[in-house]
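Per my numbering, the very first residue in the sequence shown carries number 22; after that it's consecutive.
All residues carry an ideal CB built from backbone N, CA and C; glycine is no exception.
So the structure is just underneath, and the comments pick up after that.
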Amino acid sequence: MKKNTFFYLSAVVFFISSAIFAVDKQAALRIGYADTERIMLASIEYKEIDREARYKIELKEEEGQQKLDALKKLANEISELSEEKRKPLIREYRRKQEDLAVFQQQTKDEVLERQSVDLKRIANKIKRSIEEISRDMNMTVVFDLKPILYLDRTQVTDLTDKVIEALNKEYEEEKQKLRKKMPLPKRIK
22 MKKNTFFYLS
32 AVVFFISSAI
42 FAVDKQAALR
52 IGYADTERIM
62 LASIEYKEID
72 REARYKIELK
82 EEEGQQKLDA
92 LKKLANEISE
102 LSEEKRKPLI
112 REYRRKQEDL
122 AVFQQQTKDE
132 VLERQSVDLK
142 RIANKIKRSI
152 EEISRDMNMT
162 VVFDLKPILY
172 LDRTQVTDLT
182 DKVIEALNKE
192 YEEEKQKLRK
202 KMPLPKRIK
């Protein structure tokens, strides 16, 4: 009986002291969040990379369209020829068809690889910026906003705008350094 009473009394003391310790710890707990998707989309670097990628895709689409038009033209020529004259052109048609398929696959692979590299680089910059700002603000933990189902915004700190500002400032500084390193072309009079 004494053992049971001692055990229960020990358990109660343990839980009370744990609760008090948790309350003390909670007072020091600083929670923040950042909307990484919004940060990415608001990043000047991301916008410039996206614009450049779209331009390159348009150029590749034009090149692909030219190859497709040449293929259609050759198909029309073949259809108007006799059987004897078709054979060498059919081989050329198949070769051009294969070239077009290879071109399309290479273009797709290049675009995906470039996007992957660029997005990883930007994601790493976002992560680094969140970490630096969180340390400066003495945050205990920072969450990404997207997987959170409920958030009482009065109880946490939103770091999103600070991260966007820091990233854009850093990117502008990088661009300035590059401009200083690369001399402008001399103008011809």
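Check: Between Tyr114 and Gly85, what straight-line distance do the alpha-carbon atoms span, to the nearest angstrom?
Finding: In the sequence shown, counting from the first residue as 1, residue 114 sits at position 93. In the sequence shown, counting from the first residue as 1, residue 85 sits at position 64. Between Tyr114 and Gly85, the C-alpha separation is close to 15 angstroms.
Check your understanding: From Glu83, Arg200, Met203, pick the residue whose C-alpha is nearest to that of Gln125; which is it?
Key -> On the sequence shown, residue 125 is found 104 positions in, with the first residue counted as 1. Comparing Cα positions, the closest option is Glu83.
Can you tell me whether Ile70 is helix, strand or coil according to DSSP? As a first step, residue 70 must be located in the sequence shown, where it is residue number 49. Looking at Ile70 - three-state DSSP - the assignment turns out to be helix.
* Asked: Applying the criterion that 16 or more other CB atoms from any shown protein chain within 10 Å of the CB defines a buried residue, is Val44 buried or exposed?
  -> Counting from 1 along the sequence shown, the entry for residue 44 is found at position 23. In this prediction, Val44 scores a pLDDT of 47, lower than 50, which makes its location untrustworthy; the coordinate-derived value is nonetheless stated afterwards. Residue environment analysis places Val44 among the exposed positions, since fewer than 16 neighbouring C-beta atoms fall within 10 angstroms of its C-beta.
- What residue range is occupied by the uninterrupted beta strand (DSSP E) comprising Ile169? The residue labelled residue 169 in the question sits at position 148 within the sequence shown. Run containing Ile169: none; DSSP gives neither H nor E here.
If you drop the 5 nearest sequence neighbours on each side, which residues of the same chain put their C-beta closer than 6 angstroms to that of Ser150? By one-based count along the sequence shown, residue 150 stands at place 129. Here the set comprises Val184, Ala187, Leu188.
CA-to-CA distance, Glu153 to Asp182, given in whole angstroms | As a working mapping, residue 182 is identified with position 161 in the sequence shown. As a working mapping, residue 153 is identified with position 132 in the sequence shown. Rounded to whole angstroms, the gap between the alpha carbons of Asp182 and Glu153 is 14 angstroms.
Below 8 angstroms on the Cβ atoms is my contact criterion, and I expect Val138 with Ile78 to pass it. Report the Cβ-Cβ distance as a whole number of Å.
The sequence position of residue 138 within the sequence shown is 117, counting from 1. The sequence position of residue 78 within the sequence shown is 57, counting from 1. Actually they are not in contact, since the Cβ atoms of Val138 and Ile78 sit about 16 angstroms apart, beyond 8 angstroms.
If you draw a straight line from the alpha carbon of Tyr192 to that of Ile65, how long is it in whole angstroms?
In the sequence shown, the residue the question calls residue 192 occupies position 171. In the sequence shown, the residue the question calls residue 65 occupies position 44. The alpha-carbon separation between Tyr192 and Ile65 amounts to approximately 7 angstroms.
Check your understanding: On the three-pair Cβ rule with 8 angstroms, is the region 162–181 touching the region 52–66?
Key -> Short answer: they touch.
Next item on the list: Kindly indicate which three-state DSSP category Asp179 falls into: helix, strand or coil?
Entry: In the sequence shown, the residue the question calls residue 179 occupies position 158. Looking at Asp179 - three-state DSSP - the assignment turns out to be strand.
Problem set entry | Short Cβ contact (8 angstroms threshold) for Ile143 with Tyr76 | If you number the sequence shown from 1, residue 143 lands on position 122. If you number the sequence shown from 1, residue 76 lands on position 55. No, they are not a contact pair.
Practice prompt. Can you give me the start and stop residues for the alpha helix (DSSP H) that Leu133 sits inside?
Written response: Residue numbering aside, residue 133 sits at position 112 when the sequence shown is read from its first letter. Note, Leu133: alpha helix (DSSP H), 104–157.
By the 10 Å Cβ neighbour count, where 16 or more other Cβ atoms means buried, how is Ile60 classified, buried or exposed? Walking along the sequence shown from the start, residue 60 turns up at place 39. Counting other Cβ atoms within 10 Å of its Cβ, Ile60 reaches 16 or more and is therefore classed as buried.
*Taking just the CA atoms, how far does Gln118 sit from Asn92?*
On the sequence shown, residue 92 is found 71 positions in, with the first residue counted as 1. On the sequence shown, residue 118 is found 97 positions in, with the first residue counted as 1. A quick correction: the sequence has Leu, not Asn, at residue 92. The C-alpha of Leu92 lies about 7 angstroms from the C-alpha of Gln118.
Query - Presumed contact (8 angstroms Cβ cut-off) between Gln74 and Gln136, rounded CB distance - result: Here residue 74 refers to the residue found at position 53 when the sequence shown is read from its first residue. Here residue 136 refers to the residue found at position 115 when the sequence shown is read from its first residue. The identity of residue 74 in the sequence shown is Ala, whereas the question assumes Gln. Between Gln136 and Ala74 the Cβ distance is about 7 angstroms, and since that is below 8 angstroms, they are a contact.
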